[in-house]
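A.B. asks:
Number of protein chains: 2
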Amino acid sequence: MIKREKDMIKEIKEQMRGGEGSVELLHIFKQEELRGKARLCAKITINPGSSIGLHEHVGEEEIFYIISGKGSVNDNGTITEVGPGDAVITGNGASHSVEAVGDEPLVMMAVILLY
Amino acid sequence: MIKREKDMIKEIKEQMRGGEGSVELLHIFKQEELRGKARLCAKITINPGSSIGLHEHVGEEEIFYIISGKGSVNDNGTITEVGPGDAVITGNGASHSVEAVGDEPLVMMAVILLY
Numbered sequence: 001m002i003k004r005e006k007d008m009i010k011e012i013k014e015q016m017r018g019g020e021g022s023v024e025l026l027h028i029f030k031q032e033e034l035r036g037k038a039r040l041c042a043k044i045t046i047n048p049g050s051s052i053g054l055h056e057h058v059g060e061e062e063i064f065y066i067i068s069g070k071g072s073v074n075d076n077g078t079i080t081e082v083g084p085g086d087a088v089i090t091g092n093g094a095s096h097s098v099e100a101v102g103d104e105p106l107v108m109m110a111v112i113l114l115y
Numbered sequence: 116m117i118k119r120e121k122d123m124i125k126e127i128k129e130q131m132r133g134g135e136g137s138v139e140l141l142h143i144f145k146q147e148e149l150r151g152k153a154r155l156c157a158k159i160t161i162n163p164g165s166s167i168g169l170h171e172h173v174g175e176e177e178i179f180y181i182i183s184g185k186g187s188v189n190d191n192g193t194i195t196e197v198g199p200g201d202a203v204i205t206g207n208g209a210s211h212s213v214e215a216v217g218d219e220p221l222v223m224m225a226v227i228l229l230y
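Written out as structure tokens, the structure reads:
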């Protein structure tokens with residue numbers, strides 16, 4: 001199945017997971033299109049200063065793949081900067097947060113794999 | 116876990132799945148890092164004229180998310196053009212192929228979810 005960008009559902013989340021500002025999620029495929037093997041497949045855009053707050057992933061594994069922009073990631077307690085081409089994987093009870101830093105939006109692909 | 120682009124393993128496949136030319140796979144996470152829920156998470160780069168040949172996905176679901184460039188996709192028998200922001204999902208025994216068309220490389224993220 002082909003899904004065109006124009007047919008993807010856009011969702012704006014304010015103070016996502018207790019973070020700052022707003023985060024845009026463009027749902028590439030919905031959960032029911034992922035046959036129960038993943039619950040999220042989205043392009044996420046975060047403007048500078050906005051963030052997704054610290055949260056745990058239990059019973060699932062989330063992948064972030066940075067397409068453009070820069071982010072400050074709390075990777076289960078360690079804060080580090082990520083940029084285009086870098087990736088983060090968080091699961092098995094670990095926590096993460098991500099804040100867009102610098103001058104341009106942080107754009108990343110996110111996939112949550114279910115156990 | 117953070118994975119830096121410089122630490123990702125690059126693989127070049129010639130005539131991948133019976134296609135033309137060569138295809139570069141940059142493995143964002145290896146299968147063992149995906150806890151058995153996915154067997155591929157890669158950035159795939161295909162130069163114009165090169166392709167991944169037609170193949171089935173049985174017992175798994177593959178997602179392509181186009182980052183840049185243009186592709187001609189055979190989506191289980193229907194040939195269509197895709198560009199940045201478009202996505203393809205193929206599984207449950209369906210087939211697909213993808214050829215880079217136009218002047219620039221086709222760059223996409225690919226994830227294979229296991230049933």
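Protein sequences, first through last, are from chains A and B. For the first sequence, the numbering used here gives the first residue as 1, with consecutive numbering after it. For the second sequence, the numbering used here gives the first residue as 116, with consecutive numbering after it. For glycine and all other residues, C-beta sits at the position ideal for the given N, C-alpha and C. Here the structure is a predicted model, which is why all the values come from computation and not from measurement.
#1: How is the beta strand (DSSP E) around VAL226(B) delimited, first residue to last?
#2: Does any CB atom of chain B fall closer than 7 Å to the CB of PHE64(A)?
#3: Please report how far the alpha carbon of ASP201(B) lies from the alpha carbon of ILE227(B), in whole angstroms.
#4: Hey, is THR80(A)'s beta-carbon within less than 7 Å of any beta-carbon in chain B?
#5: Have a look at GLY69(A) and PRO84(A) and give me their C-alpha separation to the nearest angstrom.
#6: List, in chain order, every chain B residue whose beta-carbon is nearer than 9 Å to that of ASP110(A).
#7: Pair every Cβ in the region 120–132 of chain B with every Cβ in the region 69–81 of chain A, then say whether three or more of these pairs are closer than 8 Å.
#8: Using 7 Å as the limit for Cβ to Cβ distance, is GLU129(B) near chain A?
#9: Should the region 152–162 of chain B be regarded as contacting the region 202–221 of chain B, the criterion being three or more beta carbon pairs within less than 8 Å?
#10: Got a sec: is the Cβ-Cβ distance from LEU155(B) to anything in chain A below 7 Å?
#11: Could you check the C-alpha separation between HIS27(A) and SER210(B) for me, to the nearest Å?
#12: Looking at C-alpha atoms only, which residue of GLU135(B), GLY134(B) and LYS145(B) is the closest neighbour of ASP122(B)?
#13: With 16 as the cutoff for other CB atoms within 10 Å, does ILE167(B) come out buried or exposed?
#14: If I measure Cβ to Cβ from ILE182(B) and keep anything under 7 Å in the same chain, skipping five residues before and after, which residues do I get?
#15: Could you pull out every residue in the same chain whose Cβ sits closer than 8 Å to the Cβ of SER76(A), ignoring the five residues on either side in sequence?
#16: Do ALA232(B) and GLY174(B) have their CB atoms nearer than 7 Å?
#17: Quick one, are the C-beta atoms of ILE2(A) and VAL203(B) less than 7 Å apart?
#18: With burial defined as no fewer than 16 other Cβ atoms inside 10 Å of the residue's Cβ, what is the status of TYR230(B): buried or exposed?
#19: Taking just the CA atoms, how far does VAL213(B) sit from ILE9(A)?
#20: Could you check where the beta strand (DSSP E) with LYS152(B) kicks off and where it finishes?
#21: Report the partner residues of SER166(B) according to the DSSP bridge assignment.
C.D. replies: This is what the structure gives:
#1: Numbered from 1 along the second sequence, position 111 holds the residue referred to as residue 226(B). Where VAL226(B) is concerned, the enclosing beta strand (DSSP E) stretches over 221–229.
#2: The residue you call residue 64(A) lines up with position 64 of the first sequence. Closer than 7 Å: no.
#3: As a first step, residue 201(B) is located in the second sequence; it is residue number 86 there, counting from the start. As a first step, residue 227(B) is located in the second sequence; it is residue number 112 there, counting from the start. ASP201(B) and ILE227(B) have their alpha carbons spaced roughly 17 Å apart.
#4: The residue you call residue 80(A) lines up with position 80 of the first sequence. Yes, contact with chain B.
#5: Locating residue 69(A) in the first sequence gives position 69, counting from the first residue. Locating residue 84(A) in the first sequence gives position 84, counting from the first residue. Roughly 6 Å separates the two Cα atoms.
#6: Here residue 110(A) refers to the residue found at position 110 when the first sequence is read from its first residue. Position check: residue 110(A) holds Ala in this sequence, whereas Asp was assumed. Those within 9 Å of ALA110(A) in chain B number zero; the least Cβ separation is about 11 Å.
#7: The region 120–132 of chain B and the region 69–81 of chain A do not touch, with fewer than 3 CB-CB distances between them shorter than 8 Å.
#8: Stepping through the second sequence from its first residue, residue 129(B) is reached at position 14. Output row for GLU129(B): interface = no.
#9: As far as the Cβ criterion goes, the region 152–162 of chain B touches the region 202–221 of chain B, which means the pair count is three or higher.
#10: For the purposes of this step, residue 155(B) is taken as the residue at position 40 of the second sequence. Taking CB atoms only, LEU155(B) has no neighbour in chain A less than 7 Å away.
#11: As a first step, residue 27(A) must be located in the first sequence, where it is residue number 27. As a first step, residue 210(B) must be located in the second sequence, where it is residue number 95. Annotation: HIS27(A) to SER210(B) spans about 23 Å, alpha carbon to alpha carbon.
#12: Looking up residue 122(B) in the second sequence gives position 7. The shortest C-alpha separation from ASP122(B) is found at LYS145(B).
#13: As a working note, residue 167(B) is residue 52 in the second sequence. Around the beta carbon of ILE167(B), 16 or more other beta carbons sit within 10 angstroms, so the residue counts as buried.
#14: The sequence position of residue 182(B) within the second sequence is 67, counting from 1. So the qualifying residues of the chain are PRO199, VAL222, MET223 and MET224.
#15: The residue labelled residue 76(A) in the question sits at position 76 within the first sequence. Correcting the residue identity first, residue 76(A) is Asn in this sequence and not Ser. Contacts found: THR90, ALA94, SER95 and HIS96.
#16: Since the first residue shown for chain B is 116 and the last is 230, residue 232(B) is missing from the structure and cannot be characterised.
#17: Position 2 of the first sequence, counting from 1, holds the residue named residue 2(A). Position 88 of the second sequence, counting from 1, holds the residue named residue 203(B). In this structure, the beta-carbon distance from ILE2(A) to VAL203(B) falls below 7 Å.
#18: By one-based count along the second sequence, residue 230(B) stands at place 115. Within a 10 Å sphere around the beta-carbon of TYR230(B) sit fewer than 16 other beta-carbons, which makes this residue exposed.
#19: On the first sequence, residue 9(A) is found 9 positions in, with the first residue counted as 1. On the second sequence, residue 213(B) is found 98 positions in, with the first residue counted as 1. Each residue's Cα considered, the two are about 25 Å apart.
#20: Translated into the one-based positions of the second sequence, residue 152(B) becomes position 37. Where LYS152(B) is concerned, there is no enclosing beta strand (DSSP E), given that its DSSP letter is neither H nor E.
#21: For the purposes of this step, residue 166(B) is identified with residue 51 of the second sequence, where counting begins at 1. Beta-bridge pairing by DSSP links SER166(B) to GLU214(B).
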